[in-house]
Each structure stands twice: as structure tokens, then as C-alpha cells.
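Numbering (this note's numbering), first residue to last: 2 to 256. Every residue, glycine too, gets a C-beta built ideally from N, C-alpha and C.
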């Protein structure tokens with residue numbers, strides 16, 4: 002009988018241990034979901050549209066609370082609400098993640114250039130906002146890869162937006178690229194005009210496949226790079242990190 006009691010006690014302890022483990026796992030998942038939904042979402046850079054500010058292989062945190070919350074703050078964007086709650090409009094110059102308006106599911110990341118009511122135009126490579134050319138100053142060329150993977154120097158500028166935000170841009174094709182001369186885009190109410198810093202290699206609001214981005218589609222603002230690895234390298238190959246991780250970019254703020 003003593004053996005039976007010991008066996009039952011042992012079984013009860015094992016069952017209790019399993020239930021406790023499940024409880025801890027569920028709690029951890031709920032905490033992670035709350036953090037991802039309300040506070041921060043990890044995001045990695047898959048393309049070079051924001052070179053030289055963000056590079057392919059950068060991993061960053063996006064703050065969800067900065068612009069308030071919409072259905073797209075929730076994973077998979079369920080239609081549980083319309084518009085935004087606790088809304089705060091982005092500032093010109095912010096780098097923001099948004100859902101592509103054409104499908105409301107694909108994540109894009111670009112810089113906020115035009116606010117509601119603004120008139121945006123590119124004239125010979127120079128950004129014009131409300132009829133005024135934006136100041137840009139040429140600095141040392143930036144070395145990037147061309148379409149054949151070769152390292153080539155390209156023209157680089159520091160562009161200063163009307164609100165004083167300065168950031169670097171590159172012009173791979175000089176001032177004669179596809180989107181270096183455009184029509185005037187008048188940003189509708191409740192929408193924003195987004196552009197990449199790699200001006201000749203960015204699919205953004207200058208193209209109708211992206212167009213104006215509704216406020217509701219904004220996911221959050223890019224805040225900090227928490228990890229960065231060379232383009233083409235594998236993050237899971239830890240033994241290669243000494244030579245493939247861009248150590249100087251880790252924990253750098255995004256401007």
C-alpha cells in the first residue's frame with residue numbers, strides 16, 4: 002500500500018509539474034503578444050530602399066504606441082476596429098513601417114516625406130515640398146552594390162526637410178532616374194507620402210503601386226537597430242558572427 006501511495010504522490014507531482022510548465026509557457030506567450038501588439042515589434046530590412054540609413058540585414062524594433070493603434074497593430078490585421086485610437090500623426094522625416102495599401106498585408110518601411118495637404122514633386126532629382134526645393138548638400142560618395150553585385154561609388158547628399166530633420170540620401174543614377182522628375186502629388190487628408198532614401202532604387206509613393214498611405218495602415222516608427230549582419234550572411238551561423246555581424250550598428254538609433 003505504501004508503494005501505491007508513493008506512486009500516486011509521484012504521479013501527482015509530475016502532473017503538477019507539467020501543468021506548471023504549460024502555465025508558464027502560456028503566460029510567456031501572452032506577455033510576448035502584449036509586447037508585440039502594444040509596445041514593440043521586431044522588423045528586419047529585406048531590401049536596399051533606405052540605404053544608406055538602413056541596410057539589408059539590419060534588425061530593428063518598431064514602436065507600436067508612437068502613432069496610436071489600428072487594426073494593423075494586431076498580428077494579421079483582423080477587422081476588429083477602424084481608424085486609430087490614441088492617434089498621433091507621424092512627423093516629417095520619421096521612418097515608419099506600414100501595410101501596403103494595395104493589399105493591406107505586405108509590410109513596407111519608408112520615410113515620411115509628405116503630410117496631409119502637402120504638395121510633393123521631384124524636379125531633376127531635388128525634392129520639392131509645397132513648391133519649395135528641399136535643401137541638399139553633397140558629401141563624400143557612398144559605396145554600394147550595383148545590379149551585378151559590384152561595389153560602385155554613388156552620389157550622396159544630406160537632405161534637410163522643412164522641419165529641420167536631416168538625413169542622408171543616395172542617387173545611384175544621378176538626377177536622371179525614373180522618379181527624379183514627377184508630377185505634383187497632393188497628399189489627401191488622412192494620408193501620407195512615403196519615400197526611400199535610396200532615391201533611384203525605392204518603390205514608394207512616387208509609384209502608383211504604393212501611392213498615398215492611409216494613416217490607418219501605419220504600424221509604427223522605427224526606433225533602434227538591435228542586430229545587424231552582412232547582406233547574404235546567415236544570422237543563425239553564430240560561429241561566423243565575428244566576421245559577419247556589423248558590430249558598429251548594434252543598438253544605434255534610427256534617424
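Cut-off 8 Å between Cβ atoms - residues of its own chain near residue i, not counting five sequence neighbours on either side
| i | result |
| --- | --- |
| residue 107 | 100 and 101 |
| residue 127 | 134, 135, 137 and 176 |
| residue 61 | 43, 44, 45, 46, 55, 223, 224, 225, 226, 227 and 255 |
Residue i vs residue j beta-carbon contact at 9 Å
| i | j | result |
| --- | --- | --- |
| residue 67 | residue 165 | no |
| residue 250 | residue 235 | no |
| residue 191 | residue 117 | yes |
| residue 187 | residue 120 | yes |
| residue 205 | residue 64 | no |
| residue 112 | residue 197 | yes |
| residue 173 | residue 208 | no |
| residue 159 | residue 168 | yes |
| residue 114 | residue 194 | yes |
| residue 130 | residue 91 | no |
| residue 75 | residue 171 | no |
| residue 185 | residue 122 | yes |
| residue 132 | residue 105 | no |
| residue 157 | residue 139 | yes |
Limits of the alpha helix (DSSP H) - the one that residue i falls within
| i | result |
| --- | --- |
| residue 146 | Not the alpha helix (DSSP H): residue 146 falls in the beta strand (DSSP E), residues 136-146. |
Coil, strand or helix - residue i by DSSP
| i | result |
| --- | --- |
| residue 152 | strand |
| residue 177 | coil |
| residue 244 | helix |
| residue 72 | helix |
| residue 193 | strand |
| residue 23 | helix |
| residue 182 | coil |
| residue 170 | strand |
| residue 157 | strand |
| residue 105 | coil |
| residue 3 | Here residue 3 scores only 49 on pLDDT, less than 50, and its place in the model should not be relied on; the value that follows carries that caveat. The answer is helix: DSSP assigns residue 3 an H, G or I state. |
| residue 249 | helix |
| residue 237 | coil |
Run of the beta strand (DSSP E) containing residue i, from where it starts to where it stops
| i | result |
| --- | --- |
| residue 229 | 219-229 |
| residue 59 | 59-64 |
| residue 97 | 96-100 |
| residue 42 | 41-45 |
| residue 108 | 108-115 |
| residue 120 | 120-124 |
| residue 128 | 127-130 |
Cβ neighbours of residue i in the same chain (closer than 6 Å, five flanking residues each side left out)
| i | result |
| --- | --- |
| residue 55 | 46 |
| residue 71 | 85 and 217 |
| residue 253 | 226 |
| residue 219 | 68, 97 and 99 |
Close-in-space but distant-in-sequence residues of the same chain around residue i (CB under 7 Å, 5 per side omitted)
| i | result |
| --- | --- |
| residue 210 | 103 and 204 |
Residue i beta carbon near the ligand ZN (any heavy atom closer than 8 Å)
| i | result |
| --- | --- |
| residue 55 | The ligand ZN is absent from the structure shown, which contains no ligand whatsoever. |
Open item on the list: Does the stretch 197-211 come into contact with the stretch 176-189, if we say contact requires no fewer than three beta-carbon pairs (one atom in each stretch) closer than 8 Å?
Closed with: yes
Task: Sufficient close CB pairs (3 or more, under 8 Å) joining the stretch 140-154 to the stretch 82-101 - done: no
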